[in-house]
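See below for the structure under consideration.
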Amino acid sequence: MELCELTIDEATKKLFQKEISATELARACLKRIKDKDKEIKAFLEVDEQKLLKKAKEADQLVARDRQKKPLLGIPLAFKDNILVAGKKVSAASRILQDYTAAYDATVTSKLKSAGAIYIGRTNCDEFAMGSSCENSAYGPTHNPRDIKRVPGGSSGGSAAAVAADMCLGALGSDTGGSVRQPASFCGVVGLKPTYGRVSRHGLIALASSFDQIGPITKTVKDAGILLSAIAGKDPRDATCGNQPVNDYTRECEKDIKGLVAGVPKEFFAAGLDKEVSGVVKKAISDIAKLGVEIKEVSLPLVKYALPIYYILLSAEASANLARYDGIRYAGIKLNQEIDDLRSYYQQVREVGFGAEVKRRILIGTFVLSSGYIDAYYKKAQAVRRLINQQFAQVFSQVDVLLTPTSPTTAFKLGEKIDDPLAMYLSDIYTVSANISGIPALSLPCGFASKMPVGLQILGQNYAENAILKLGYHYEQASSWHLKKPC
Amino acid sequence: MGVSIREIERLASLARLELGTKEKKKFTNQLSSILEYVEKINELELSHGKDVKDNQTRARAKMITDARLDQVEDFNNPENLIKQAPRSKNNLVRTHPVF
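As given, the protein sequences belong to chains B and X, one line each in that order.
Heads up, the first sequence is in the working numbering, so the first residue is 20 and it goes up one at a time.
Heads up, the second sequence is in the working numbering, so the first residue is 265 and it goes up one at a time.
Okay, structure coming up:
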C-alpha cells in the first residue's frame, strides 16, 4: 500500500507513533500527482516546495507540540474558491486569474493551527456554478474511475484528488450539492454541514444563504475529523451559529440501534436511474439489518425545491458577482484601452465570465427586476419557508432521511454541457438540504454499470453526529470505501 | 415564459454584460426554457402574501438580534487589500472617471 492511500485517521496515528514521517507522506502524494494528474487534471496548482517545507517542519516538532496539532503533517487540497493567504485563488474564472488571496479563510487558519498542510488548489466549475467541473475556465477535470466521465461538480477537482489518493482529504463548497454530488460520482465521502456550522469567511461567495464549506474524504470518520477541525463560531461570519463543536470522530462510533430513518417517496420517483435506485434500496435494507427502523415518509413540496433553488441562487449570485468589475481585483487584462467606466465594466465581465456564469447572472437579474420580483423571487422565498416547515414536520417522526445523492452515476464529458436544464436536474436530490440548511452526507453504497453510487443521509440542523454515526456504521459493514479506482 | 432578445439585452445592460449576437440568441432560448421550468412554483397558491410578509418579518427580527454593536475597530492591514486592485494610487483603488 502506498502512503498516499492512507486515510487521515490512519496517517495521524502512524505519524504520532513515528512509524512514518510527514515528509514521506508528502512525497507519496506528490508522486501520485505526478503519475496521475496529467490525465485526471484535478489540480490547478500544486505547491511542492511549500508542502515539503511544512512537512519537514512537522517532522521536527517535539512531542509536546505535536500533541496540540491533531492534523499534523496531513496534506489537504483546497477548492479554488477558498482563500489561502499569499496563494493564487481564481474560482476557476478568468476574471480572477491574477488574484492573490490577501488573507486566510477561517477554515484555512483553523486547519493550519491543527497542523494540516496545504498541497494545492483544485479545479472546480467557475464560481462553483455547475455539476460536472466542465465550466472551469481552465478545462475540465476527469473522473478517476473512468476518465471519459465527469467527476461531478462543482467541487470535482477535490473529489477526484481524494478518489485518486493525490491527497488525504480535501475541502469543497456546497451550495446545491457541490460537495455531495462529486463525492457520489467519484466514490468518496462528502459532507455538507448545517448552514452556519462552518464559517464562510474567506469562501468566494456564490449564494450567501446556501453556501457551506464541507470536507471530501475517503471515509466517514475522516469527514468527522475535518469537520471537528473547521466547525465553530466565527465573529467574521454573522451567519455562523454558536452551537458547541462535538468531537465528531467519537460521535461516529456511538450506537445506532433505535435510530429511525425516513425514506421520502418523492426521491424515488420518475427520473431516477433504475440501476441507481436498486443499489440505494439495497443499501437501505442493509441499514435496516444494523438495527435502524426504516419508515416511508412524504415531502410533497420537494418538487418545488429545484425551481426555487435556481430562482434564489441566481438572484444571490447576480448580487455577489457584481463586485467583479475589473477595478477591485486583479484579473483579466483587456486588449484595448477603454476610457468609459460603463464600457469597461461590460467588456471585463463579458471576457472574464464563462457562459454558465453569465446565464445565472441573467436569470438572477431577471427574477429581481421590477415587474418580476414578486412573482419569482419573493414567491420563491415564501415557498422556501414552506419546504423548511415540511422538513421540520418530517423530522418530528424520524431522526434522519435516506435518499440517493444523484439520479444517475457520472455521465460522459460533453453529454450535458449544451443542455443547461438537463445539467441542473443532476442536483434534484441535493438542493433541498441547502434550501433548508440541514446537514447532509454522501457516501459510497455500491456501483451501477461500474460507476460509484452515493447514498445521501440528511439530518436535522446541527445533528451532524446522527448522520455521521449512521454513515460510519453502514460504511464499516459494507466496505464500499475500500473499492479504489487507482 | 419566453423571453425576447430585447429582454436579454435589457438584462445584460442591468448586469453590465456586453453580449455578442450569437450569445444573445443562445441565452434567449436557454433562459426561456429555464424560466418555463422554474415557473412551476406558480402551481402553489399562497395566502395573499402573508407567507411572504412572515418570512421578511422574521428575517428582519433575526438580523436585529444578531447584529454587533456599531463600533469602529482598527483594521490592521488596509494596504494588503488595496494592492489586490489592478490600479491603485496613494492607498486608494483607482477607477475610470465616473462622470
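Note that CB positions come from ideal geometry on N, CA and C, so glycine has one too.
Note that the coordinates shown come from a computational prediction; the quantities given were computed from them, not determined experimentally.
Residue of the options minimising C-alpha distance to residue i
i: D54/B; options: Q116/B, P163/B, L130/B; result: P163/B
i: T213/B; options: F286/B, H500/B, A485/B, Q495/B; result: A485/B
i: P458/B; options: L405/B, K211/B, I114/B; result: K211/B
i: Y157/B; options: D165/B, A289/B, I166/B, E145/B; result: E145/B
i: I27/B; options: G176/B, I235/B, S150/B; result: I235/B
i: I275/B; options: Q495/B, T31/B, S203/B, C23/B; result: Q495/B
i: K129/B; options: K107/B, T119/B, V103/B; result: V103/B
i: K240/B; options: G251/B, R216/B, L225/B, R269/B; result: R269/B
i: L190/B; options: K98/B, S337/B, G383/B, K33/B; result: K98/B
i: A429/B; options: T127/B, K107/B, E153/B, M148/B; result: E153/B
i: E24/B; options: I52/B, I249/B, H492/B; result: I52/B
i: I330/B; options: S425/B, I93/B, L387/B; result: L387/B
i: P89/B; options: A133/B, A394/B, L381/B; result: A133/B
i: A61/B; options: T119/B, T141/B, V207/B; result: T141/B
i: T424/B; options: K488/B, V367/B, V295/B; result: V295/B
i: C205/B; options: P170/B, L222/B, T194/B; result: P170/B
i: L333/X; options: V321/B, V367/B, A257/B, G390/B; result: A257/B
i: I269/X; options: T359/X, E287/X, N355/X, D338/X; result: E287/X
Below-8 Å beta-carbon distance, residue i vs any chain X residue
i: R83/B; result: no
i: A10/B; result: It is not possible to answer for residue 10/B, since the shown part of chain B is limited to 20 through 505.
i: D4/B; result: A query on residue 4/B cannot be resolved here, the shown segment of chain B reaching from 20 to 505 and no further.
i: D358/B; result: yes
i: S227/B; result: no
i: E1/B; result: Lying outside 20 to 505, the shown extent of chain B, residue 1/B is not represented and no answer is given.
i: A47/B; result: no
i: E272/B; result: no
i: R347/B; result: yes
i: T449/B; result: no
i: T127/B; result: no
i: S109/B; result: no
i: Y267/B; result: no
Three-state secondary structure assigned by DSSP to residue i
i: V413/B; result: helix
i: C205/B; result: helix
i: Q231/B; result: strand
i: Y348/B; result: coil
i: E76/B; result: helix
i: N162/B; result: strand
i: V370/B; result: helix
i: S445/B; result: helix
i: L462/B; result: strand
i: E282/X; result: coil
i: D193/B; result: strand
i: G176/B; result: helix
i: I457/B; result: coil
i: G149/B; result: coil
i: G134/B; result: coil
i: I101/B; result: strand
i: F339/X; result: coil
i: S112/B; result: coil
i: S352/X; result: strand
i: R332/X; result: coil
i: V357/X; result: strand
i: L210/B; result: strand
i: K397/B; result: helix
Chain B contact for residue i (CB, 8 Å cutoff)
i: Q335/X; result: no
i: R270/X; result: no
i: K304/X; result: yes
i: P388/X; result: The question about residue 388/X has no answer here: the residues shown for chain X are numbered 265 through 363.
i: P342/X; result: no
i: L356/X; result: no
i: S297/X; result: yes
i: E282/X; result: yes
Check: residue i C-beta below 7 Å from any heavy atom of the ligand GDP
i: T127/B; result: Here there are no bound small molecules, and the ligand GDP is not part of this structure.
Range covered by the beta strand (DSSP E) that runs through residue i
i: M470/B; result: 470-478
i: T422/B; result: 419-423
i: K98/B; result: 94-98
i: T42/B; result: Per DSSP, T42/B belongs to no beta strand (DSSP E); it is in the alpha helix (DSSP H), 41-59.
i: K63/B; result: Rather than Lys, the amino acid found at residue 63/B in this sequence is Leu. Residues 62-65.
Range of the contiguous alpha helix (DSSP H) that encloses residue i
i: F385/B; result: 374-387
i: K314/B; result: That residue, K314/B, is in no alpha helix (DSSP H); its beta strand (DSSP E) goes 312-316.
i: L34/B; result: 27-35
i: E494/B; result: 483-497
i: S333/B; result: 324-339
i: D84/B; result: 82-85
Test: residue i CB closer than 8 Å to a CB of chain D
i: F339/X; result: The chain inventory of the structure shown lacks chain D, comprising the protein chains B and X.
Inset, instruction - Return the chain-ordered ranges of every alpha helix (DSSP H) run that is complete within the segment 218-304 of chain B and spans a minimum of 4 residues. - result: 239-249, 267-271
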